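A short write-up of the structure that comes next.
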Amino acid sequence: QVQLVQSGSELKEPGASVDVSCKTSGYTFSAYIMNWVRQAPGRGLEWMGSINPNTGNPTYAQGFTGRFVFSLDTSVSTAYLQISGLKSEDTAVYYCARTLDFYCVGSSCQKRFDYWGQGALVTVSS
Amino acid sequence: DIQMTQSPSSLSASVGDSVTITCRASQNIYTYLNWYQQKPGKAPKVLIFGASDLQSGVPSRFSGSGSGTDFTLTIRSLQPEDFAAYFCQQSYSVPLTFGGGTKVEIK
Chain A
17 QVQLVQSGSE LKEPGASVDV SCKTSGYTFS AYIMNWVRQA PGRGLEWMGS INPNTGNPTY
77 AQGFTGRFVF SLDTSVSTAY LQISGLKSED TAVYYCARTL DFYCVGSSCQ KRFDYWGQGA
137 LVTVSS
Chain B
38 DIQMTQSPSS LSASVGDSVT ITCRASQNIY TYLNWYQQKP GKAPKVLIFG ASDLQSGVPS
98 RFSGSGSGTD FTLTIRSLQP EDFAAYFCQQ SYSVPLTFGG GTKVEIK
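Protein sequence lines correspond, in order, to chains A and B. If you count the first sequence from 1, you need to add 16 to reach the working numbering. If you count the second sequence from 1, you need to add 37 to reach the working numbering.
What follows is the structure, given as structure tokens:
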């Protein structure tokens with residue numbers, strides 16, 4: 017069965033860096049785009065961007081450029097999120113989520129996030 | 038960017054009630070609209086995709102409708118396990134934006 021298992025909670029000081037991993041199993045890793053979604057405490061869902069495991073090409077949403085880096089290790093079917101220069105406002109749960117394309121017309125497809133990791137809480141505090 | 042506006046932000050209802058949540062897109066997104074349910078401490082789960090198609094395994098008391106800019110999620114005969122937060126999401130264009138969420142609470 018498809019599984020996305022994320023690394024555990026992290027407590028970091030402002031200015032530090034953090035790596036969040038998302039280890040996948042049960043499907044062909046290179047066949048599905050991986051997304052990262054942020055949820056600040058008590059807030060909604062915010063799409064940070066995605067990475068194509070086939071090409072390694074990342075797409076970043078506005079507000080998630082510069083300090084945020086998506087990467088992959090296809091040999092272990094794992095996606096990574098690195099955040100550098102941590103700020104208190106980065107305190108959030110970070111989810112990885114797989115994109116499933118459907119109802120495609122030519123190269124244009126609808127998308128839904130059909131499998132999610134369990135989330136990784138990153139707390140930034142001195 | 039396409040803005041997704043959900044209403045209400047919260048509602049109180051009783052077991053057995055029917056509830057409707059609305060989601061409005063800032064531009065035409067055809068049926069590129071998904072609904073997710075999120076319970077406290079858990080990852081979101083997709084309920085409805087393509088505005089009205091039920092995800093496998095989701096109870097039929099959940100239904101979605103709409104196209105263009107206005108969409109609704111209806112839950113008939115609320116069950117105790119339905120008390121959760123619900124989010125809409127558009128997949129018409131990047132960035133893939135979510136609505137602000139609706140928290141369904143027990144009255």
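Don't be surprised by glycine CBs; every beta carbon is placed ideally from N, CA and C. None of the values given here were measured: they were computed from a predicted structure.
- Close to B:Gly87, with beta-carbon spacing below 9 Å, are these residues of chain A in chain order: Phe118, Tyr119, Gln126, Arg128.
- Excluding five sequence positions before and after A:Thr107, the CB atoms of its chain that fall closer than 6 Å to its own CB belong to Thr139, Val140, given in chain order.
- Minimum Cα-Cα distance from B:Val52 among the listed residues B:Thr134, B:Pro132, B:Asp119, B:Gln75 corresponds to B:Asp119.
- B:Gly101 has B:Leu110 as its beta-bridge partners, per DSSP.
- B:Thr59 has B:Ser44, B:Thr109 as its beta-bridge partners, per DSSP.
- Put simply, of A:Leu97, A:Val92, A:Leu116 the residue whose alpha carbon is nearest the alpha carbon of A:Ser41 is A:Val92.
- B:Asn65 is outside the set of residues whose beta carbon lies under 8 Å from a beta carbon in chain A.
- Annotated as proximal: B:Gly101 and B:Ser89, with beta-carbon spacing under 8 Å.
- In terms of beta-carbon proximity, A:Ala77 lines the interface with chain B, with at least one pair separated by less than 8 Å.
- At a beta-carbon threshold of 9 Å, the residues of chain B lying near A:Trp63 are Gln126, Val131, Pro132, Leu133, Thr134, Phe135, ordered along the chain.
- Look at A:Glu26 here: in three-state DSSP terms it is strand.
- Contact annotation for B:Pro81 against chain A: Leu61, Trp132 [CB-CB distance below 7 Å, chain order].
- Under the 8 Å criterion on CB atoms, A:Gly24 is classed as non-interfacial with respect to chain B.
- Distance from the Cα of A:Gly65 is smallest, within the candidate group A:Tyr76, A:Pro57, A:Gln55, for A:Tyr76.
- Between the alpha carbons of B:Thr57 and B:Val141 lies a distance of about 10 Å.
- When DSSP assignments are scanned along the segment 65 to 126 of chain A, the uninterrupted stretches of beta strand (DSSP E) that are 3 or more residues long and fall wholly within it turn out to be 74 to 76, 84 to 89, 94 to 99, 108 to 121.
- Look at B:Gly103: its C-beta is not under 8 Å from any C-beta on chain A.
- For A:Gly72, the closest Cβ of chain B is not nearer than 8 Å.
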